[in-house]
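So the structure is just underneath, and the comments pick up after that.
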Amino acid sequence: MNQMLWANLKRTWTHHFGTQMTTLIVLAASYAIICSFLTLGQNLRNILSLWGDSIQMTVFLKEETKEDSGNEKLTQLKTRLQAINGVDDVKYVSKQEAAEKFKMEMSGFMPEVFQDEEFIAPFPSSFIISFKDQLKQKIDTLRLAEIAKQISGFEGAEDIAYGQDWLNNYASFIKGINSMGLALVLVLLSGSVFVVGTSIKTSISARRDEIEIMELVGATSQMIRWPLVVEGLFLGLLASTVAVFLTFFAFTFVRESMATQAFFLAVQSQFQFLSGLYVFLFISTGTICGGLSAFFFARKLNHGWLASQRSEV
Amino acid sequence: MISLSHIYKTYPGPIHALSNFDLNIEKGESVFITGPSGSGKTTLFRLVSGFDRPSSGAISVAGFNINELTEKEVPYFRRNIGVVFQDFRLLKDRTVFENVALPLEIKGQKFVGIKQKVNEMLDIVGLTFKREQHPEQLSGGEQQRVAIARALIHQPGVLIADEPTGNLDEELSLGIMELLDKVNAQGTTVLIATHDMDLVKKKRRRVIQIKSGNIVKDSKNEPNALG
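Quick note, the sequences are listed as chains A and B, same order.
Residue numbers for the first sequence, in our numbering: -16 to 296.
Residue numbers for the second sequence, in our numbering: 194 to 420.
Right, dumping it as structure tokens:
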């Protein structure tokens, strides 16, 4: 059986080279589009997750929470903040530090104000909370809101800010990008299943006589279908591998061009091609898609017995 | 070996291809089925070879009850018969050797055994030196001999041939008929559908004449019957 499958595959490529090549080109093009979107999506997510890294929460302190290290209330509050699930680090920022930071950031816009020695920035002291990667990467706005609510009940906490509105918009944007990417991949994948299926159908039509002769000499439907499924698997494997190479070369070309024209973006380190695991999964999915669509279309085969049932009165 | 009892075959229209058709062919017999176009020869051929089934009635071929065959059993039935067509039905992308070897490959036999059997069969049909050629490189007569070799390679009990000389000239036709005689002499039951009356007259065999889906003449029932 295995010998027959391989012999059939070899024969198909030798005697129907034109049809097979056309199918391969169309299929590889479809898969290359999917691969490009996956690469684009992955890089977009990477860039967006860099923004996510800046997620932090500021807990402004009440006036009576004094700044000296011996203040029991301050130490107690810091300990409670550190104990919250998802919190990575808690850093104290005094009034003076907040004022200095403000001056540094705004001096370019209002130099005359900040040159005034007696200028006192109206900022309270605060705790800056940074979060663990898991929470940042997920952009878990619900959990952040929960944490903010929890902290608001702590003694000594005046107000909490973490850019709620911006974060909500950002989370919605990321969710939208992910959903769109998934939908697009599904549409393109269905399209490629259709392409393989159509090509197998064409292949079946072109070899109707051959199939009838196989039936004539006693081939079971599985003996007729499996070589077609193997053809589909092989086409899927070849097309997805070609697609990965095409996308890789296109990606490298674009990255090199960007690196020359926009060197300040650190393109080489930020833009990455799909990882080995993703490439493996992509090729596996492409191969399985080819086999499945061939199996699906080849299921409709049968000329001898069923044909008589159709023609009966 | 072949038995048809009260067979009716009706196609949409309705077209009554066979009506109350009865036929019995014994093991080792060689029988000509003759009749004009549209008489029901091809329908009979399709029914007996398991490519079609009757609207009603019972058919038994080589010990298989055709009426009760399921879709999955049909291939196994076909492995017990040999079928030859007017248009040869050879695989153009395979060599003579590969075409003849096909039924054995399908049966799952090993290559060494296949090689030996195919070479022997090609020797019988006189195509040993054409084994590596493709059907398109052969003459009509040679192609039909390949088709016969393919039909016989798995040693079926019954050989069914639909107009096997239909595309051949007189000389080649006689060559093919001699080959079929040889097959019959080895014990294979042979059923040949043909409208070539000259050929039929040259061979002293049982002749069944069909018209409008009914047997109008069976030489077996005649006083000076042959075969």
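Idealized CB from N, CA, C, for every residue including glycine.
query, result
"Pick helix, strand or coil for aspartate 245 of chain B, following the three-state DSSP scheme.", "coil"
"Going straight from the alpha carbon of aspartate 362 of chain B to that of isoleucine 385 of chain B, what length do you get?", "17 Å"
"Between the segment 281 to 297 of chain B and chain A, which residues of the former have CB atoms less than 7 Å from a CB of the latter, in chain order?", "Arg282, Leu284, Asp286, Leu295 and Pro296"
"Would DSSP call methionine 163 of chain A helix, strand or coil?", "helix"
"Isoleucine 8 of chain A: buried (16+ other C-beta within 10 angstroms of its C-beta) or exposed?", "exposed"
"Using a Cβ cut-off of 8 Å, pull out every chain A residue sitting near arginine 399 of chain B, in sequence order please.", "Neighbours of arginine 399 of chain B on chain A: none; closest Cβ ~26 Å, over 8 Å."
"DSSP three-state label for alanine 202 of chain A, please.", "coil"
"Taking the straight line between their C-alpha atoms, what separation do you get for leucine 10 of chain A and glutamate 195 of chain A?", "28 Å"
"9 Å is my cut-off, CB to CB: does lysine 308 of chain B come that close to chain A?", "no"
"Look at the alpha carbon of phenylalanine 254 of chain A and the alpha carbon of glycine 146 of chain A, and state the distance between them as a whole number of angstroms.", "28 Å"
"Look up alanine 354 of chain B in the DSSP assignment and give the residues it is bridged to.", "B:Val277 and B:Ile385"
"Interface residues of chain A around tyrosine 269 of chain B at Cβ under 9 Å?", "Gly201 and Thr203"
"In this structure, how does DSSP classify methionine 93 of chain A when only helix, strand and coil are distinguished?", "coil"
"Report all residues from its chain with a CB closer than 8 Å to the CB of glycine 306 of chain B; omit the five preceding and five following residues, and keep chain order.", "Leu297"
"Look at valine 400 of chain B and isoleucine 195 of chain B and say whether their C-beta atoms are less than 9 Å apart.", "no"
"Between the beta-carbon of leucine 220 of chain A and the beta-carbon of alanine 277 of chain A, is there less than 9 Å?", "no"
"Chain A partners of valine 277 of chain B, CB-CB under 8 Å?", "What valine 277 of chain B touches in chain A: nothing, since even the nearest Cβ is about 10 Å away."
"Within 9 Å (strictly less), CB to CB, does isoleucine 299 of chain B reach chain A?", "yes"
"Using DSSP bridges, identify the partner residues of threonine 321 of chain B.", "Answer is none; threonine 321 of chain B lacks a bridge partner."
"Between leucine 33 of chain A and glutamine 133 of chain A, what straight-line distance do the alpha-carbon atoms span, to the nearest angstrom?", "27 Å"
"Is there a C-beta anywhere in chain B that falls below 9 Å from the one on arginine -6 of chain A?", "yes"
"Name the DSSP beta bridge partners of tyrosine 75 of chain A, please?", "A:Phe110"
"Against chain B, which members of the segment 228 to 245 of chain A pass a CB distance test of less than 7 Å?", "none"
"So which residues on chain A does arginine 272 of chain B lean against when the C-beta distance must stay under 7 Å?", "Gly201"
"Counting contacts by CB-CB distance shorter than 9 Å, is threonine -3 of chain A in contact with chain B?", "yes"
"Just to confirm, is the Cβ distance from aspartate 71 of chain A to phenylalanine 114 of chain A under 9 Å?", "yes"
"Straight-line CA distance for leucine 199 of chain A to glycine 243 of chain B?", "9 Å"
"Name the chain A residues whose beta carbon is nearer than 8 Å to that of arginine 338 of chain B?", "Near arginine 338 of chain B there are no residues of chain A at all, since even the closest Cβ is about 16 Å away, more than 8 Å."
"Look up phenylalanine 225 of chain B in the DSSP assignment and say whether it is helix, strand or coil.", "strand"
"In the DSSP assignment, what are the bridge partners of methionine 40 of chain A?", "A:Ile112"
"Any beta carbon of chain B sitting closer than 9 Å to that of glutamate 214 of chain A?", "no"
"Distance, Cα to Cα, leucine 211 of chain B vs histidine 199 of chain B?", "9 Å"
"Go ahead and label glycine 420 of chain B buried or exposed: buried means 16 or more other beta carbons lie within 10 angstroms of its beta carbon, across all protein chains shown.", "At glycine 420 of chain B the pLDDT is 43, less than 50, meaning the model places this residue with poor confidence; the figure from the coordinates comes in the next sentence. Glycine 420 of chain B should be labelled exposed."
"To which residues of the same chain is valine 409 of chain B closer than 6 Å at the C-beta, ignoring the five residues directly before and after it?", "Gln402"
"Would you report the Cα separation of phenylalanine 270 of chain B and arginine 239 of chain B, rounded to the nearest angstrom?", "13 Å"
"To the nearest angstrom, how far is the alpha carbon of valine 73 of chain A from that of lysine 45 of chain A?", "17 Å"
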